[in-house]
Amino acid sequence: MRADVQKILSRVGSLPPLPDIVLKLQERLRDPEVSLSELSTLVMKDPAFTADILRIANSPFYGLSRPTSSLTQCFLILGLRNIQTLALAFGIKRAFPSRSFKERLMWRHSVSTALFTHLLTREIKGGPREELFIYGLLHDIGKTVLLQSLPELYEPLLDESYSTGKEICPLEKELLEFTHTEIGYFLAQEWNLDEGAQTAIFFHHNPELSPKFSEESALVRLGDLLSHHYALGFPQENPFPEAEPSLGILNVTRERVLSLGDRIVESVRQELEVF
6 MRADVQKILS
16 RVGSLPPLPD
26 IVLKLQERLR
36 DPEVSLSELS
46 TLVMKDPAFT
56 ADILRIANSP
66 FYGLSRPTSS
76 LTQCFLILGL
86 RNIQTLALAF
96 GIKRAFPSRS
106 FKERLMWRHS
116 VSTALFTHLL
126 TREIKGGPRE
136 ELFIYGLLHD
146 IGKTVLLQSL
156 PELYEPLLDE
166 SYSTGKEICP
176 LEKELLEFTH
186 TEIGYFLAQE
196 WNLDEGAQTA
206 IFFHHNPELS
216 PKFSEESALV
226 RLGDLLSHHY
236 ALGFPQENPF
246 PEAEPSLGIL
256 NVTRERVLSL
266 GDRIVESVRQ
276 ELEVF
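At position 83 of the sequence shown the residue is numbered 88 (my numbering), and the sequence of numbers has no breaks.
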């Protein structure tokens, strides 16, 4: 894996940091002795962030038995891994506010990919893994960077890829000399995200080439393709020929994935409105 950092920065400029509240929360979550009341006190210093956390925590996605307005109670029910996932999700949204129509579509695609990836992981691997939600959410973060920093160049390229079915990475390489996966990989390093996140972002178009975390990369790829299949963000005509390597890695059939997609798509649509 590589990211030509100087080449990227010369074209797109500096990359945004995560918000302070997220960095502080991540730092405290690394402490095994941290208390839920301490985390609640930290989050409550940011009212907008508090509202975001409570809104998602009370959504059907997390299945709380009854609504709660207490952050401490919310954290107790969700657990530390889910707290970390939610904090990072809203930190990303704040770091990259969606201003244009294309950017809003990209956020919708990213969230739906995250939801599909999370639910597919539960169905295919027999249980949820909270980090897979973040891997899915971040898989196209490089595209978001390009939409915000080079919109005149990148929007037509994105349109060409989705309207013709052409693979996006070769188009990016020809126009920019680097790809959105390289930008995403570099950003994940800058944000000190785990190696699984870095790898899934870099290899989500070709998980069969991933030296490690190939199953995680394949799950993200299938979540990505389901998002396109159901037109949740950017529609793509017949995206599933691109799924073969991922299906092989996970030992599942296209029919099973599409059947699972049909079963969970309404839940994904409902959760999209919460984000």
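All residues carry an ideal CB built from backbone N, CA and C; glycine is no exception.
Considering only their Cβ atoms, is the gap separating I188 from L142 smaller than 8 Å?
no
Are the stretch 52 to 60 and the stretch 179 to 198 touching by the rule of at least three beta carbon pairs closer than 8 Å?
no
Please identify the residue among E32, S70 and S74 whose C-alpha is closest to the C-alpha of L93.
E32
Taking the alpha helix (DSSP H) that P52 belongs to, which residues open and close that run?
P52 to A62
Same chain only: Cβ atoms within 6 Å of T149, ignoring 5 sequence neighbours per side
F101 and M111
Does DSSP classify V273 as helix, strand or coil?
helix
Could you spell out where the alpha helix (DSSP H) holding D229 opens and where it closes?
S219 to H234
Using only alpha-carbon positions, find the residue among L152, L224 and I269 that is nearest to S251.
L224
Using 8 Å as the threshold, is the stretch 70 to 89 in touch with the stretch 120 to 128, meaning 3 or more CB pairs across them?
no
Are there 16 or more other CB atoms within 10 angstroms of the CB of E278, so buried, or fewer, so exposed?
exposed
Rounded to the nearest angstrom, what separates Y159 and L198 at their Cα positions?
26 Å
Is S154 near V17, with beta carbons less than 8 Å apart?
yes
When burial is assigned at 16 or more other CB atoms within 10 Å of the CB, is A62 buried or exposed?
buried
T169: buried (16+ other C-beta within 10 angstroms of its C-beta) or exposed?
exposed
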